[in-house]
Amino acid sequence: MDIFRTKTGLAQGFRASDDVVAVLGIPYAAPPFGANRFREPLPAPAWTGVRDCTDFGPVAPQSAQLPGAPVWSPDDEDILTVNIWTPAPEGGRLPVLVWIHGGAYTFGSSAQPDFNGTGLARAGLVVVTLNYRLGFEGFGHIPAAEATAYPDNRGLLDQVAALRWVRENIAVFGGDPGNVTIAGQSSGAASVACLMVMDRARGLFHRAIAHSAASPCCTLEIAAATTREIAAAARCPATPEGLTSATPQTLVIASDQVVDDYRQDPASGSRHYDPSLYAPVLDGDVLPTDPLTGMATGATRGVDLLVCHTTEEYWLLDAVGSSAKITTDEQLALFAEDFRLPDGLVAGYRAAMPHAPVLDVYLAIFGDLLFGEYSNRLVELHAQAGGRAFLSRFDRRRTGPNGGVRAWHCADVPFAFGNLDNDCLAFLIGGTPTSADHGLARRMVRAWADFAATGNPGWPSVNGSTAQVRMWSTDDAPTGNQSAVARSLWAKAEFPVLCP
Numbered sequence: 086m087d088i089f090r091t092k093t094g095l096a097q098g099f100r101a102s103d104d105v106v107a108v109l110g111i112p113y114a115a116p117p118f119g120a121n122r123f124r125e126p127l128p129a130p131a132w133t134g135v136r137d138c139t140d141f142g143p144v145a146p147q148s149a150q151l152p153g154a155p156v157w158s159p160d161d162e163d164i165l166t167v168n169i170w171t172p173a174p175e176g177g178r179l180p181v182l183v184w185i186h187g188g189a190y191t192f193g194s195s196a197q198p199d200f201n202g203t204g205l206a207r208a209g210l211v212v213v214t215l216n217y218r219l220g221f222e223g224f225g226h227i228p229a230a231e232a233t234a235y236p237d238n239r240g241l242l243d244q245v246a247a248l249r250w251v252r253e254n255i256a257v258f259g260g261d262p263g264n265v266t267i268a269g270q271s272s273g274a275a276s277v278a279c280l281m282v283m284d285r286a287r288g289l290f291h292r293a294i295a296h297s298a299a300s301p302c303c304t305l306e307i308a309a310a311t312t313r314e315i316a317a318a319a320r321c322p323a324t325p326e327g328l329t330s331a332t333p334q335t336l337v338i339a340s341d342q343v344v345d346d347y348r349q350d351p352a353s354g355s356r357h358y359d360p361s362l363y364a365p366v367l368d369g370d371v372l373p374t375d376p377l378t379g380m381a382t383g384a385t386r387g388v389d390l391l392v393c394h395t396t397e398e399y400w401l402l403d404a405v406g407s408s409a410k411i412t413t414d415e416q417l418a419l420f421a422e423d424f425r426l427p428d429g430l431v432a433g434y435r436a437a438m439p440h441a442p443v444l445d446v447y448l449a450i451f452g453d454l455l456f457g458e459y460s461n462r463l464v465e466l467h468a469q470a471g472g473r474a475f476l477s478r479f480d481r482r483r484t485g486p487n488g489g490v491r492a493w494h495c496a497d498v499p500f501a502f503g504n505l506d507n508d509c510l511a512f513l514i515g516g517t518p519t520s521a522d523h524g525l526a527r528r529m530v531r532a533w534a535d536f537a538a539t540g541n542p543g544w545p546s547v548n549g550s551t552a553q554v555r556m557w558s559t560d561d562a563p564t565g566n567q568s569a570v571a572r573s574l575w576a577k578a579e580f581p582v583l584c585p
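In this note's numbering, the protein residues as written are 86 to 585.
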């Protein structure tokens with residue numbers, strides 16, 4: 086039997102394959118409910134006997150029902166858990182990769198089929214995935230509360246607690262606590278960027294991978310305004326007493342109602358286009374500064390950084406119906422006004438896409454606003470401040486009898502994990518993977534594994550302001566330069582973008 090002695094008790098895993106052992110659902114912190122609700126995570130209680138760790142732990146409160154993943158139940162409380170895949174159950178000192186899932190800080194979990202760590206473990210890594218608090222539980226602001234009682238950014242604090250657990254326990258699973266890489270996609274990648282500038286996370290990891298990092302953070306004022314909206318929808322006072330009296334389910338339902346209100350109101354400003362209520366809060370304590378500002382000061386130069394974004398990010402959000410349909414020039418002009426886009430930017434995209442419908446121009450701009458240009462700036466600022474940074478773009482597309490699949494948001498994740506054959510991922514990758522798809526996956530897995538082991542993914546690092554890029558596609562396109570047209574159009578745009 087594969088039994089591991091952690092600091093809090095014995096955990097029994099199972100053979101995920103002949104050469105990899107998986108250990109799932111290990112608590113890294115105490116359940117964050119009851120007296121612990123809205124508070125900094127506390128250590129996980131010890132247990133006696135051997136804990137069965139063959140199933141994922143419960144997911145955080147949310148309304149999402151994702152393919153192949155468990156759904157949240159109001160009875161679930163022990164949600165702060167980690168999962169481990171190790172190729173060295175007898176011990177070793179392998180590089181460690183810790184994955185932080187995305188989902189707009191509102192949904193998702195470590196149990197999604199894209200995040201199975203078996204393939205990366207076979208490449209020589211000890212892989213850790215984790216759950217953390219989402220939505221109001223993890224990122225809602227509690228007004229008029231002492232920071233020490235109800236801190237902001239509880240979801241980030243959960244991630245820090247998981248990294249501390251890794252430092253204290255990962256050697257038991259054959260991992261090297263002195264060689265830890267954190268990685269994430271979308272809001273998980275933005276969490277990675279935040280952890281890089283957080284004092285509480287310093288020294289807990291040594292490298293970072295950020296795929297399609299989402300740009301916005303919130304000021305305290307914006308976070309407080311969102312809390313008032315949520316409290317009104319939940320019909321409770323926007324006070325510590327009122328919010329703690331509302332159940333997690335009540336706040337999930339209230340959040341969904343506020344999101345729907347924005348969706349239905351084209352005059353509601355920038356949140357109308359894709360309402361995301363929650364984001365890391367610039368509280369000056371847990372999160373002292375936004376990542377771009379912190380990187381520009383050199384605060385992160387000691388951490389190697391690998392960034393990737395897809396070339397058609399926002400087409401996924403349109404395909405799943407979470408983004409407003411912008412189909413007229415008048416709507417596009419209002420979009421530019423609501424986001425205070427620089428003069429000439431929309432016209433520049435129209436000139437670069439002369440035959441594209443308005444919807445495609447909108448999706449291209451929105452994707453670059455939230456993901457593409459933000460990724461570029463993360464890399465360049467980190468490099469200019471003395472850090473080592475690498476940039477890549479995912480451009481794998483597919484055509485077939487049922488239509489085409491773009492290089493859209495999330496499509497790169499199954500390739501980087503080496504998970505292409507799960508039926509739940511067919512929508513993301515466009516059906517049954519081809520031999521060329523599997524070849525691309527092997528190359529991306531190798532790049533992640535090499536970066537986690539040595540800090541070098543296999544192509545040149547960014548040098549100053551020159552964005553040297555690795556293009557990922559099934560024809561293995563050679564290294565090239567970023568699109569100069571898009572970069573010049575964004576030159577006058579102010580970043581970081583703050584939540585509306």
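Here a beta-carbon is modelled for each residue, glycine too, at the ideal position from N, C-alpha and C.
Residue from the options whose Cα sits closest to the Cα of residue i
{"i": "Arg320", "options": "Phe141, Thr304, Phe118 and Val337", "result": "Val337"}
{"i": "Trp132", "options": "Phe118, Pro112, Phe536 and Asp140", "result": "Pro112"}
{"i": "Leu583", "options": "Leu362, Gln553, Ala576 and Pro333", "result": "Leu362"}
{"i": "Arg239", "options": "Arg531, Pro365 and Cys138", "result": "Pro365"}
{"i": "Pro351", "options": "Pro128, Ala310 and Gln416", "result": "Gln416"}
{"i": "Gln469", "options": "Asp389, Ser477 and Asp104", "result": "Asp389"}
{"i": "Gln97", "options": "Arg435, Ala501, Arg136 and Asp368", "result": "Arg136"}
{"i": "Pro581", "options": "Tyr235, Val371 and Leu463", "result": "Leu463"}
{"i": "Ser573", "options": "Ala511, Asp508, Glu458 and Gly540", "result": "Glu458"}
{"i": "Thr329", "options": "Gly119, Gln349 and Asp403", "result": "Gly119"}
{"i": "Phe89", "options": "Pro174, Asn121 and Pro130", "result": "Pro174"}
{"i": "Cys509", "options": "Ser568, Leu151 and Cys303", "result": "Leu151"}
Within 8 Å, strictly: CB atoms of residue i and residue j
{"i": "Trp250", "j": "Val212", "result": "no"}
{"i": "Ile169", "j": "Phe99", "result": "no"}
{"i": "Phe221", "j": "Ile315", "result": "yes"}
{"i": "Pro228", "j": "Glu162", "result": "no"}
{"i": "Ala286", "j": "Leu182", "result": "no"}
{"i": "Ser546", "j": "Ala298", "result": "no"}
{"i": "Val108", "j": "Arg207", "result": "no"}
{"i": "Arg124", "j": "Tyr235", "result": "yes"}
{"i": "Ala474", "j": "Val554", "result": "no"}
{"i": "Trp533", "j": "Leu205", "result": "yes"}
{"i": "Pro333", "j": "Pro159", "result": "yes"}
{"i": "Asp445", "j": "Met438", "result": "yes"}
{"i": "Gly263", "j": "Asn507", "result": "no"}
{"i": "Leu179", "j": "Asp261", "result": "yes"}
{"i": "Trp557", "j": "Arg491", "result": "no"}
{"i": "Tyr358", "j": "Phe456", "result": "no"}
{"i": "Val443", "j": "Thr412", "result": "yes"}
{"i": "His467", "j": "Met380", "result": "yes"}
{"i": "Pro499", "j": "Asp199", "result": "yes"}
{"i": "Ala432", "j": "Gly209", "result": "no"}
For residue j and residue i, believed in contact at Cβ under 8 Å, the rounded distance
{"i": "Asn201", "j": "Asn548", "result": "Not quite, the Cβ-Cβ distance comes to about 36 Å (not below 8 Å), so this is no contact."}
{"i": "Val371", "j": "Leu242", "result": "6 Å"}
{"i": "Val282", "j": "Pro376", "result": "5 Å"}
{"i": "Phe479", "j": "Asp497", "result": "4 Å"}
{"i": "Tyr347", "j": "Ser353", "result": "5 Å"}
{"i": "Gly540", "j": "Arg292", "result": "6 Å"}
{"i": "Ala114", "j": "Ala246", "result": "5 Å"}
N-terminal and C-terminal residue of the alpha helix (DSSP H) that residue i is part of
{"i": "Gln244", "result": "Arg239 to Asn254"}
{"i": "Leu417", "result": "Asp414 to Asp423"}
{"i": "Thr539", "result": "Ser520 to Thr539"}
{"i": "Phe580", "result": "First-last for Phe580: undefined, no H or E at that position."}
{"i": "Ile185", "result": "Unbroken run through Ile185 is the beta strand (DSSP E), Leu179 to Ile185; no alpha helix (DSSP H)."}
{"i": "Val135", "result": "First-last for Val135: Val135 to Asp137, but that is the beta strand (DSSP E), not the alpha helix (DSSP H)."}
{"i": "Arg482", "result": "Unbroken run through Arg482: none, as it is neither H nor E."}
{"i": "Thr203", "result": "Thr203 to Arg207"}
{"i": "Thr312", "result": "Leu305 to Ala319"}
{"i": "Glu326", "result": "Pro325 to Ser330"}
Residue range of the unbroken beta strand (DSSP E) whose run includes residue i
{"i": "Pro112", "result": "Val105 to Pro112"}
{"i": "Leu391", "result": "Asp389 to Thr395"}
{"i": "Ala295", "result": "Arg292 to His296"}
{"i": "Leu215", "result": "Val211 to Leu215"}
{"i": "Val443", "result": "Run containing Val443: none in the beta strand (DSSP E); it sits in the alpha helix (DSSP H), Val443 to Gly452."}
{"i": "Arg100", "result": "Phe99 to Ser102"}
{"i": "Asp261", "result": "Gly260 to Gln270"}
{"i": "Val167", "result": "Thr166 to Thr171"}
{"i": "Trp557", "result": "Gln553 to Trp557"}
{"i": "Ile587", "result": "Here the chain covers residues 86 to 585 and nothing more, so residue 587 does not appear."}
CB contact check: residue i to chain C, cutoff 8 Å
{"i": "Asp506", "result": "Among the chains of the structure shown, chain C does not appear; only one protein chain is present."}
Requested in this report: Give a yes or no on contact between the segment 406-413 and the segment 378-398, applying the rule of three or more CB pairs nearer than 8 Å.
Outcome: no
Using 8 Å as the Cβ pair cut-off and three pairs as the minimum, do the segment 374-386 and the segment 517-535 touch?
no
Q.
With three or more beta-carbon pairs closer than 8 Å as the criterion, would you say the segment 265-282 touches the segment 186-195?
A. yes
*Any chance the segment 141-160 sits against the segment 192-200, with 3 or more Cβ pairs inside 8 Å?*
yes
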